[in-house]
Amino acid sequence: METKIVRIIDTTEYGNKLEEAAAIILRGGLVVFPTETVYGLGGNALLDGAAKSIYAAKGRPSDNPLIIHVAHPEDADKYAHTSELYYALAKAFMPGPLTVIMPKRECIPKSVTGGLDSVAVRCPSHPIAHALIDACGVPIAAPSANISGRPSPTSAKYVEEDMTGRVDMIIDGGECEIGLESTIVKIEGNSLTLLRPGAITYDALCCVCENVQIAPAVLNQLAENEKPLSPGMKYRHYAPNASFVLIDGDENAALEFFKNEQKNGSAVLCYDEELSSLDPSLSISIGARDDLGAQAKRLFSALREADKLGAHTIYAHLPNLDGLGLALYNRMIRAAAHTIKKI
Ligand code: AMP
Ligand code: MG
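Per the numbering used here, the sequence shown starts with residue 5, numbered consecutively.
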């Protein structure tokens with residue numbers, strides 16, 4: 005398949021570039037588009053066949069459901085059984101990086117929801133994503149636009165690495181602002197279960213809902229034979245090709261450990277402040293030590309770039325769990341297949 009690449013430099017000016025993209029989606033084709041979280045691999049969420057094409061393009065298991073993207077929070081009513089709690093969340097966080105799981109309506113094919121009776125709905129704030137969904141007039145089903153298991157793409161060059169020849173069009177809208185996938189919550193009556201942490205933090209959710217539980221799989225490995233609350237939890241994810249190991253311990257001791265391991269050819273994801281003490285040819289910074297926003301934005305590209313250094317092992321600090329740290333921790337323990345070394 006030939007993949008057309010469309011670059012939109014000024015995100016306030018699309019001209020008619022999105023009309024062609026919308027036509028592709030409406031006829032059942034696939035378009036990769038930027039969002040504020042990561043790039044999405046989009047297809048028509050009302051077409052059974054589109055979901056199947058998405059799974060095939062990603063190499064994703066078809067029991068791992070897709071998020072549907074809507075242009076306006078109230079559009080969710082057409083596809084899901086919404087509630088007062090949904091509208092409270094929408095008022096606080098939409099459009100933005102929050103996905104809400106609710107019972108689905110008939111019009112959403114089961115191929116989109118991996119056979120489940122619930123559907124995940126998100127209303128992105130990125131102007132290109134918003135305009136594309138609006139131009140389509142249908143919800144867009146979109147997982148992250150990476151080959152299944154690889155780090156999610158945060159800029160079009162990484163999309164091109166994974167998706168050229170697999171999709172009809174890639175819209176390049178520059179670098180994604182947040183860099184980690186959306187926060188996912190499931191509504192159950194008046195309570196929320198946090199299934200995937202993201203830029204909408206646990207504390208922010210608690211300001212809207214009194215009862216927010218963190219699903220155990222957010223922090224821990226699923227036990228063998230344990231049924232995950234969200235099918236995606238059971239798959240290895242975000243992983244570089246090299247072994248990835250997280251270092252849990254005093255930061256100075258970790259820096260000494262990194263220096264030693266670099267003598268053996270290992271690569272390190274470090275903080276800006278550590279760069280001058282490390283081997284520059286084997287170090288990639290994910291941002292300043294206290295700037296979790298920068299770390300979130302850079303994590304996935306750093307994992308891809310670290311792989312290109314050719315090292316057999318990549319080391320990084322185990323993040324703290326506060327605020328956005330919970331989302332970083334969740335992605336990093338998955339990328340590391342839960343390999344944590346205490347020092
Ligand atoms: P991605 O498409 O890569 O951003 O991943 C979407 C995540 O949402 C996956 O981990 C899915 O398992 C999860 N998800 C989507 N729909 C549902 C649903 N109906 N119930 C539970 N989890 C869901
Ligand atoms: Mg993904």
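Yeah, the Cβ is synthetic: ideal placement off N, Cα and C, and Gly gets one too.
Per DSSP, residue 234 has no beta bridge partner at all.
Sixteen is the threshold: since fewer than 16 other Cβ atoms of the shown chains lie within 10 Å of the Cβ of residue 225, the residue is exposed. Here the alpha carbons of residue 269 and residue 204 stand approximately 37 Å from one another.
Between the alpha carbons of residue 319 and residue 233 lies a gap of roughly 30 Å. The region 20-30 makes no contact with the region 109-122: fewer than 3 CB pairs, one atom from each, lie closer than 8 Å. Contact check for residue 216 and residue 184: beta-carbon distance about 19 Å, past the 8 Å limit, so the pair fails to qualify. Assigned with DSSP and collapsed to three states, residue 212 falls in coil, not helix or strand.
The beta carbon of residue 266 is closer than 8 Å to those of 272, 282, 283, 286, 287 in its chain, skipping five residues each way along the sequence. For residue 44, the enclosing beta strand (DSSP E) starts and ends at 44-48. Counting only residues of its own chain and dropping the five nearest sequence neighbours on each side, residue 105 has a CB closer than 6 Å to the CB of 122, 124, 190.
The shortest C-alpha to C-alpha distance from residue 137 to any of 292, 212, 25 is the one to 25.
CA-CA distance, residue 315 to residue 244, rounds to 11 Å. Using a 10 angstroms sphere on the CB of residue 9, the tally of other CB atoms stays under 16, which defines it as exposed. In this structure, the C-beta of residue 73 stays at least 8 Å away from each heavy atom of the ligand MG. At the C-beta level, residue 179 and residue 100 stay beyond 9 Å of one another. Ranked by Cα distance from residue 27, the options 193, 305, 12, 48 are led by 48.
Annotation for residue 90: 80, 104, 106, 191 place their beta carbon closer than 7 Å to its own, counting only its chain and skipping 5 residues before and after. Beta-carbon to beta-carbon, residue 347 and residue 257 are separated by about 5 Å, close enough to satisfy the 8 Å threshold. Positions of the beta strand (DSSP E) runs, each at least 3 residues long and wholly inside the region 73-107, are given as 102-107 in order along the chain.
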